[in-house]
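I have placed the structure first, in the form of structure tokens, so that the comments after it can refer back to it.
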Amino acid sequence: MKVNQNISAVISNAHLHRTEDKLAASIQRLSSGYKINSAKDSPSGMAISNKMRAQIDALDQSTENASDGISVIQTADGALTETHAILQRMRELSVQAATDSMTPADKEACQAEISQLQKEIDRIAGDTEFNSKIILDGSQDTRVYPSIDNRLVSSSIRNFQTSDEVSAANYSFKIIQAPEQASMTVKNLSGGQKVTLNGATIEIPKNATDDEIYAMVRDQAELVGVTVERQGTDEMKLTSIGYGSDEKIDFSVVGSDGSSAIGTGGSSVTITIKGVVITSAADFIDKSPVGKDAVIELGREGSTLTPAGGTPVDITEGFSNTATYLSDGQKVTITDKNGFEMVFKIDPSQNEDLAKMNDALPKPEYIVDLEVTDLGDMTLQVGAHENQTIDVRIPAVNCETLYIDDINVIRTGGADKAMAALDLAIEQVSKVRSRLGAYQNRLEYAVSSLEGTTENMESAISRIMDTDMAEEMSEYSNMNVLDQAAISVLSQANDLPQQILQMLG
1203 MKVNQNISAV
1213 ISNAHLHRTE
1223 DKLAASIQRL
1233 SSGYKINSAK
1243 DSPSGMAISN
1253 KMRAQIDALD
1263 QSTENASDGI
1273 SVIQTADGAL
1283 TETHAILQRM
1293 RELSVQAATD
1303 SMTPADKEAC
1313 QAEISQLQKE
1323 IDRIAGDTEF
1333 NSKIILDGSQ
1343 DTRVYPSIDN
1353 RLVSSSIRNF
1363 QTSDEVSAAN
1373 YSFKIIQAPE
1383 QASMTVKNLS
1393 GGQKVTLNGA
1403 TIEIPKNATD
1413 DEIYAMVRDQ
1423 AELVGVTVER
1433 QGTDEMKLTS
1443 IGYGSDEKID
1453 FSVVGSDGSS
1463 AIGTGGSSVT
1473 ITIKGVVITS
1483 AADFIDKSPV
1493 GKDAVIELGR
1503 EGSTLTPAGG
1513 TPVDITEGFS
1523 NTATYLSDGQ
1533 KVTITDKNGF
1543 EMVFKIDPSQ
1553 NEDLAKMNDA
1563 LPKPEYIVDL
1573 EVTDLGDMTL
1583 QVGAHENQTI
1593 DVRIPAVNCE
1603 TLYIDDINVI
1613 RTGGADKAMA
1623 ALDLAIEQVS
1633 KVRSRLGAYQ
1643 NRLEYAVSSL
1653 EGTTENMESA
1663 ISRIMDTDMA
1673 EEMSEYSNMN
1683 VLDQAAISVL
1693 SQANDLPQQI
1703 LQMLG
């Protein structure tokens, strides 16, 4: 027995400290609910759990991102529902205006409503927004930059609509013939003549002045799809409003004696078509002014495009060998297998070179470079890591992109043209809505997938981090008993030196 060193107490105290440490750790696990409360509890488990927690938080945010994307699409589709209804109403008005039981005033009323509906389509396209982002004006779609000789020509080659299968790349085509309006000049119209223009008859009074003759022709021409521009005192230029092979100018003029007044002598009416003077009515029939559709040549990948009298250009990227094109006036549609489609408009009125290319000699040709980019697409982050995205493209849906901006049911044949144009517009809006529906279905599946992944990740991190309360309670009870036992034994060990006093006594 020793006084200075109570080995029994030291041993009991050491066991008590270890028991209290384990008891404190058990209490911490029970109170926090976590099995790992500090790095010392499980260094590897702490590292794994932190990475998993970051991924779970990112998946939760990605789910919200995908849900926001669904809301964007629903907003766009809701607006296009009204656009569809407007197009149906416009077509109904076109059918109504097509019947001859309608008076000119009735047709003007139909046109007035159509004009207002056109403005509403453009307003919907310009004002529909989500979180301050306009979504139907084309700003959420792929950007295409056309250029000729490194000069951007986005005003004269525009209105691009591309399918999802058109990848970001450089494409080229050669304009062989720009779309053209039917055009002619008329000189020496005089009083007493009867003019027929595209089926409409204009009887000129005998004493009519040049100003009166111009006003009569101008007003009547507008109703038959022709614009009239005064070139001089007794000369005027007639031009079809539209472009393409469907546009023409039928013209005849007879004098007071009922014979044709087309010719070059005396007071006969002089007609000039593309610089060629028409000398007789028969000659006019042979050279009757008719518009032209655009003619292009596609630049095939790995091929060469050579403009007339120009330097050959090697095409490194471009359309495939199976791509084809169709043109309808100014509208050009390029299609290929697997859903590839590119639609655009060539507008010579916005480009001096294109406007003159059909009349110039030697005949010029222009190579257009199209740079299709990924810019503009609405990119939705739907994953926990970089590049886990879904690109959503919402094209512009306005009167110009639907090719219904020049509808006029008052003109002769205008109602029939309007019906055809509106049928195509309705089909185009249906395609856009179908695309949006496909995006929405994909995003809904993405949300379900993200939620399932999050659930599984939460289960995995729970196995690493969460306390098994039943098991830990057993450990706590055990440590609690041992703690009390150690305290009791330590108390008895502390009493052992007092027994020495009995020996000394």
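Just so we're aligned: the sequence shown equals residues 1203 to 1707 in our numbering.
In this text, a Cβ means the ideal position worked out from N, Cα and C, and glycines have one as well.
From what residue to what residue does the beta strand (DSSP E) around residue 1405 run?
It spans 1402-1405 - the beta strand (DSSP E) in which residue 1405 sits, taken as one unbroken run.
Mark residue 1703 as exposed unless 16 or more other C-beta atoms lie within 10 angstroms of its C-beta, in which case mark it buried.
So residue 1703 counts as exposed.
Would you list the one or two residues that DSSP bridges to residue 1348?
Answer by DSSP bridge pairing, in chain order: 1572.
Which ranges would you report for the alpha helix (DSSP H) in the region 1278-1345 if only whole runs of at least 4 residues count?
Runs found: 1306-1329.
State the DSSP-derived secondary structure class of residue 1675, mapped to helix, strand or coil.
Three-state result, residue 1675: helix.
Buried or exposed: residue 1325, going by 16 or more other Cβ atoms within 10 Å of its Cβ?
Exposed: under 16 other Cβ atoms inside 10 Å.
Out of 1700, 1694, 1378, 1684, state which residue places its alpha-carbon closest to the alpha-carbon of residue 1223.
Checking every option, the nearest Cα to that of residue 1223 belongs to 1684.
Nearest to residue 1547 by CA position, among 1487, 1464, 1410, 1357, is which residue?
Among 1487, 1464, 1410, 1357, the Cα nearest to that of residue 1547 is on 1357.
Helix, strand or coil for residue 1588 per DSSP?
Of the three classes helix, strand and coil, the one that applies to residue 1588 here is coil, per DSSP.
For the 8 Å Cβ check, are there 3 or more pairs between the region 1491-1509 and the region 1383-1396?
A contact exists between the region 1491-1509 and the region 1383-1396.
By DSSP's criteria, residue 1527 is part of a beta bridge. Which residues make up the other side?
Answer is 1536.
With 16 other CB atoms within 10 Å as the buried threshold, where does residue 1305 fall?
The residue in question, residue 1305, is exposed, as its Cβ has fewer than 16 Cβ neighbours within 10 Å.
Under 8 Å, with one C-beta from each stretch per pair, do the region 1549-1568 and the region 1237-1246 reach the 3-pair mark?
Counting Cβ pairs under 8 Å, fewer than three are found: no touch.
Which runs of the alpha helix (DSSP H) fall wholly inside the region 1476-1514 and span at least 4 residues, in chain order?
Segments of the alpha helix (DSSP H) lying fully in the region 1476-1514: 1483-1488.
Between the C-alpha atoms of residue 1487 and residue 1465, what's the straight-line distance to the nearest angstrom?
Answer to the nearest angstrom: the Cα atoms are 13 Å apart.
Residue 1373: buried (16+ other C-beta within 10 angstroms of its C-beta) or exposed?
The residue in question, residue 1373, is buried, as its Cβ has 16 or more Cβ neighbours within 10 Å.
Under 8 Å: do the region 1419-1426 and the region 1593-1600 share three or more Cβ pairs, one atom per stretch?
Short answer: they don't touch.
At which residues does the beta strand (DSSP E) containing residue 1156 begin and terminate?
The question about residue 1156 has no answer here: the residues shown for the chain are numbered 1203 through 1707.
Does DSSP put residue 1559 in a helix, a strand or coil?
Residue 1559 falls in the coil class under three-state DSSP.
Find the nearest neighbour of residue 1250 within the set 1667, 1589, 1286, judged by alpha-carbon distance.
Residue 1250 has its Cα closest to that of 1667, out of 1667, 1589, 1286.
Rounded to whole angstroms, what is the Cα-Cα separation between residue 1340 and residue 1587?
Roughly 28 Å between the two C-alpha positions.
Is it buried or exposed, residue 1477, if we count other Cβ atoms within 10 angstroms and call 16 or more buried?
Residue 1477 should be labelled exposed.
What is the DSSP secondary structure of residue 1439, counted as helix, strand or coil?
In this structure, residue 1439 counts as strand in the three-state DSSP scheme.
According to the neighbour-count rule (16 or more other Cβ atoms, all chains shown, within 10 Å of its Cβ), is residue 1671 buried or exposed?
Exposed, because fewer than 16 other Cβ atoms sit within 10 Å of the Cβ of residue 1671.
In or out: residue 1567 buried (at least 16 other Cβ within 10 Å) or exposed?
With 16 or more Cβ atoms within 10 Å of its Cβ, residue 1567 is classed as buried.
Evaluate contact between the region 1623-1642 and the region 1282-1302, counting only Cβ atoms and requiring at least three cross-stretch pairs below 8 Å.
A contact exists between the region 1623-1642 and the region 1282-1302.
If you draw a straight line from the alpha carbon of residue 1350 to that of residue 1573, how long is it in whole angstroms?
Rounded to the nearest angstrom, the two C-alpha atoms are 11 Å apart.
Mind checking residue 1271: buried by the 16 CB within 10 Å criterion, or exposed?
Burial call: buried.
Is the beta carbon of residue 1455 less than 7 Å from the beta carbon of residue 1471?
Closer than 7 Å, so yes.
What do you get for residue 1342, buried or exposed, if any count of 16 or more other CB atoms within 10 angstroms of its CB means buried?
The residue in question, residue 1342, is buried, as its Cβ has 16 or more Cβ neighbours within 10 Å.
Flag this pair as touching only if the region 1505-1515 and the region 1384-1403 have three or more C-beta atom pairs under 8 Å; answer yes or no.
Output reads no: the region 1384-1403 does not touch the region 1505-1515.
With a threshold of 7 Å on Cβ separation, who are the neighbours of residue 1674 within its own chain once the five nearest residues in sequence on each side are excluded?
Excluding sequence neighbours, residue 1674 sits near 1228, 1231, 1232.
Kindly indicate the opening and closing residues of the alpha helix (DSSP H) around residue 1373.
Taken as a continuous stretch (DSSP letters only), residue 1373 belongs to no alpha helix (DSSP H), being part of the beta strand (DSSP E) at 1371-1379.
Hey, could you find the ends of the alpha helix (DSSP H) residue 1229 is sitting in?
Residues 1209-1234.
Evaluate contact between the region 1388-1401 and the region 1436-1456, counting only Cβ atoms and requiring at least three cross-stretch pairs below 8 Å.
Counting Cβ pairs under 8 Å, three or more are found: they touch.
Between which two residues does the alpha helix (DSSP H) holding residue 1595 run?
Neither: residue 1595 is in no alpha helix (DSSP H) and is coded neither H nor E.
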